[in-house]
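Take 2 as the starting number for the sequence shown in this note's numbering and just add one per residue. For every residue, glycine included, the Cβ atom is placed at its ideal position computed from N, Cα and C. See structure below.
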Amino acid sequence: MNGSIASHIARRLGPLLRVRPRRVSLAGGVVSFSFDDFPSNALLTGGTILEKYQARGTYYTALGLAGGDSNVGPIATPEEICETHDRGHELACHGHDHLDYSRAPLERIEDDLRRNSDAFRELLGGYEPVSFAYPYGRYLLAGKRRLATHYASCRGTTGGANAGTADFADLRGTRIYAPIFKEAALRRLIDRSKAAGGWLIFYTHDVSETPSEYGCTPHQFESIVAYAAERSPILTVRDVMARLERPAATGEAAAE
Numbered sequence: 002m003n004g005s006i007a008s009h010i011a012r013r014l015g016p017l018l019r020v021r022p023r024r025v026s027l028a029g030g031v032v033s034f035s036f037d038d039f040p041s042n043a044l045l046t047g048g049t050i051l052e053k054y055q056a057r058g059t060y061y062t063a064l065g066l067a068g069g070d071s072n073v074g075p076i077a078t079p080e081e082i083c084e085t086h087d088r089g090h091e092l093a094c095h096g097h098d099h100l101d102y103s104r105a106p107l108e109r110i111e112d113d114l115r116r117n118s119d120a121f122r123e124l125l126g127g128y129e130p131v132s133f134a135y136p137y138g139r140y141l142l143a144g145k146r147r148l149a150t151h152y153a154s155c156r157g158t159t160g161g162a163n164a165g166t167a168d169f170a171d172l173r174g175t176r177i178y179a180p181i182f183k184e185a186a187l188r189r190l191i192d193r194s195k196a197a198g199g200w201l202i203f204y205t206h207d208v209s210e211t212p213s214e215y216g217c218t219p220h221q222f223e224s225i226v227a228y229a230a231e232r233s234p235i236l237t238v239r240d241v242m243a244r245l246e247r248p249a250a251t252g253e254a255a256a257e
């Protein structure tokens, strides 16, 4: 089979085959807000908005990018990453070099994960992230299976709520991007997820008055945070996972 065709098939198969299926049943629903790549304003603006509502976010961090520039703006410095941790937000893994995992061999993926883990431990005195998000939202099935052995949860970029049976090796994530922002549609999604006892994970990148195409404005972000806070608990990805480990308290069924 032609190599490019085989690669295309492999990339298509990954999202279709569940690696870690599990029931999600959270009375009243739960919402998480996350930031990919961790540009500085994701904390300075996005984090401050979340804290206004007594909530915290999950920051998917590629430490190889720390302090650099990017198409979503300046990336958080090591000092800002430490501040994020001190303010009670979750620091999660986004690989070290922001590789496209659908094009990297397993050995390269393992090395990338190890380097990010080592960098976290050195920066934060032994800290180990338990949550992961796929850079670019892409992976192959073999990589997905490997990552599922490293992290309690892995998040992708397929929109919608995690309700009923979800794949914890590819949790759904719903983008908050300025060019496609529709407040009414996102509000309806929050309401549907609450009714279904689901887990809704939002993600964006920068939060700025002049956002990139992968970010949003402060007003857009706060409008969704405020609406979610009125309807369901807002928890970090790590804290939702901890809650799901308490089936008697949440109604969570046993893993399938």
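- Annotation for residue 95: 37, 38, 61, 62, 63, 134 and 136 place their beta carbon closer than 7 angstroms to its own, counting only its chain and skipping 5 residues before and after.
- The shortest CA-to-CA distance from residue 104 to any of 93, 145, 79 and 129 is the one to 145.
- Distance from the CA atom of residue 215 to the CA atom of residue 206, rounded to whole angstroms, is 6 angstroms.
- A check of alpha carbon separations from residue 49 across 244, 239 and 222 identifies 222 as the nearest.
- Put simply, the backbone Cα of residue 114 is about 36 angstroms away from that of residue 192.
- If you ignore the 5 residues before and after residue 97, its C-beta comes within less than 7 angstroms of the C-beta of 63, 64, 65, 113, 116, 117 and 120, all in its own chain and listed in chain order.
- Sorting 234, 179, 230 and 184 by C-alpha distance to the C-alpha of residue 210 places 179 at the top.
- When only Cα atoms are considered, residue 244 and residue 25 end up about 11 angstroms apart.
- The straight-line gap separating the alpha-carbon atoms of residue 85 and residue 43 is approximately 10 angstroms.
- Less than 9 angstroms divides the Cβ of residue 169 from the Cβ of residue 23.
- About 7 angstroms separates the CB atoms of residue 56 and residue 226; that is less than 8 angstroms, so the two are in contact.
- Listed as beta-bridge partners of residue 34 by DSSP are 203.
- When the beta-carbon positions are compared, residue 35 and residue 69 stay at least 9 angstroms from each other.
- Close CB contacts of residue 187 within its chain, under the 6 angstroms cut and outside five residues either way in sequence, are with 225 (chain order).
- Distance from the Cα of residue 28 is smallest, within the candidate group 213, 231 and 200, for 200.
- In the structure shown, the three-state DSSP call for residue 167 is strand.
- The continuous beta strand (DSSP E) containing residue 22 extends over residues 22-25.
- Out of 20, 99, 76 and 184, the CA that lies nearest to the CA of residue 229 is found in 184.
- Sorting 171, 161 and 90 by C-alpha distance to the C-alpha of residue 152 places 171 at the top.
- Comparing alpha-carbon positions, the option among 126, 71, 32 and 102 lying closest to residue 142 turns out to be 102.
- Closest in C-alpha terms to residue 242, from the list 154, 74 and 138, comes 154.
- Distance from the CA atom of residue 67 to the CA atom of residue 81, rounded to whole angstroms, is 9 angstroms.
- Residue 94 has 62 and 133 as its beta-bridge partners, per DSSP.
- With fewer than 16 other CB atoms across the displayed protein chains lying within 10 angstroms of its CB, residue 122 is exposed.
- For residue 40, the three-state secondary structure derived from DSSP is strand.
- Annotation note: the region 137-200 contains the following uninterrupted beta strand (DSSP E) runs of length 3 or greater, listed N- to C-terminal: 154-156 and 165-168.
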